Amino acid sequence: MSDTGLYTEQFDLSERPFTLLPDPEFIYWTPMHRRAYSILEYGILTHAPITVVTGEVGAGKTTLVQKLLKSIPDDVTIGLISNAQGGRGELLRWVLYALDVDTSGARDYVELFQLLQNFLIEEYAAGRRSILVIDEAQNLSIEGLEELRMLTNVNSNKDELLQLVLVGQPELREMVLRPELRQFAQRVVANFHLPAMDKDMVAAYISHRLKVAGGQGNEFTKQACERVWEVSKGVPRLVNQICDFAMVYAATSEERLILSSVIDQVVKDGVFFAGYSGDKGVTDEQ
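Just so we're aligned, residue 62 is where the sequence shown starts under the numbering used here, counting upward by one.
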């Protein structure tokens, strides 16, 4: 049985609307997501040395990054690193791999750095800009962030040859503000923190994803949407988890309308690990 058969036929959907995989086609532009994306664009268009976007787990940061990658013009060379870790030299290898630079002949850090510098200068001479996007950047160490700052010092004719876009959880923002990263913070030209969605945004988000998947957008009642917001705290990834399970439950009962009682049952059964049980609920609709 394919995953699309879980409940799609019951609700006349072309695909599952609430998968956890980031998909730019399903992106719902809340005002905060629009502002976060505009900051990413601003950083790139203004050649900002470092741009930082933070948000809670599942807030939609990676989806924004993927949307950004699809819109990058042809005259930009872009490298993407996800969840990079490691000490001095290891991080530089991550950077070179992301930019598709062969490091097989490099014996030490100096030679690795020379490879990067040569690559950036060649790209610049060819009229291309180089941008490095690091997702889950909160996993970098203080030393790693400082090493990245040093990489942005590579320049030619007063033009900086490497831009950094760092995306991560709130801890990244806290790290950047630490005294020992003062020089790093001074290079951050654009930054934005992506908050969770409010109650109305969650309802609109659910409706939007259902419509993209071929639904009517009203498969969840207002009270059910409110309950989803209460349980998820407005974090998109958690909203997706709850709604996905709720649609499975509804399909099992051959229901085509999802009430708040379905959300309560999902939480009570514990299939949603981030959920909780209790008597804080919303009265079911009739």
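For every residue, glycine included, the Cβ atom is placed at its ideal position computed from N, Cα and C.
In this text the structure is predicted, and so the values were computed from the model without any measurement.
Item, Value
"Among all the DSSP beta bridges, which residues are the ones paired with THR115?", "GLY229, HIS254"
"Would you kindly report the start and end of the unbroken alpha helix (DSSP H) that includes THR138?", "Looking at the DSSP string, THR138 is not in any alpha helix (DSSP H); the run it does join, the beta strand (DSSP E), is 137–143."
"Helix, strand or coil for ARG168 per DSSP?", "coil"
"Measure the alpha-carbon distance for ARG243 versus GLY275 and round it to whole angstroms.", "49 angstroms"
"At a cut of 8 angstroms, does the region 167–181 reach the region 193–210 through at least three beta carbon pairs?", "no"
"Can you list, in chain order, the residues of its chain with a C-beta nearer than 6 angstroms to that of LYS294? Leave out the 5 residues immediately preceding and following it.", "ALA257"
"For GLY205 and GLU117, I'd like the C-alpha separation in whole angstroms.", "21 angstroms"
"Let's test the definition: count the other Cβ atoms within 10 Å of the Cβ of LEU106 and tell me whether it reaches 16, buried, or not, exposed.", "exposed"
"What do you get for GLY121, buried or exposed, if any count of 16 or more other CB atoms within 10 angstroms of its CB means buried?", "buried"
"Jot down the residue ranges of each uninterrupted beta strand (DSSP E) in the region 238–310, minimum 3 residues, whole runs only, in chain order.", "249–255"
"Span of the alpha helix (DSSP H) holding ILE203?", "203–212"
"With burial defined as no fewer than 16 other Cβ atoms inside 10 Å of the residue's Cβ, what is the status of GLY188: buried or exposed?", "exposed"
"Can you give me the Cβ contacts of ILE324 inside the same chain, cut-off strictly under 8 angstroms, excluding the 5 residues immediately before and after it?", "ALA285, ARG288, VAL289, VAL292, ILE303, ALA307"
"In whole angstroms, give me the CA-to-CA distance for HIS94 and ILE88.", "9 angstroms"
"Between which two residues does the beta strand (DSSP E) harbouring SER191 extend?", "190–196"
"In chain order, what residues of the same chain lie with their CB nearer than 8 angstroms to the CB of ALA246, ignoring the 5 residues before and after it?", "VAL237, LEU238"
"Look at the alpha carbon of ALA109 and the alpha carbon of ALA311, and state the distance between them as a whole number of angstroms.", "49 angstroms"
"Look at the Cβ atom of PHE180, then the Cβ atom of LEU160, and state whether they are nearer than 9 angstroms.", "yes"
"For a quick check, are the C-beta atoms of SER132 and ILE195 less than 9 angstroms apart?", "no"
"Can you tell me whether MET262 is buried or exposed, with buried defined as 16 or more other CB within 10 angstroms of its CB?", "buried"
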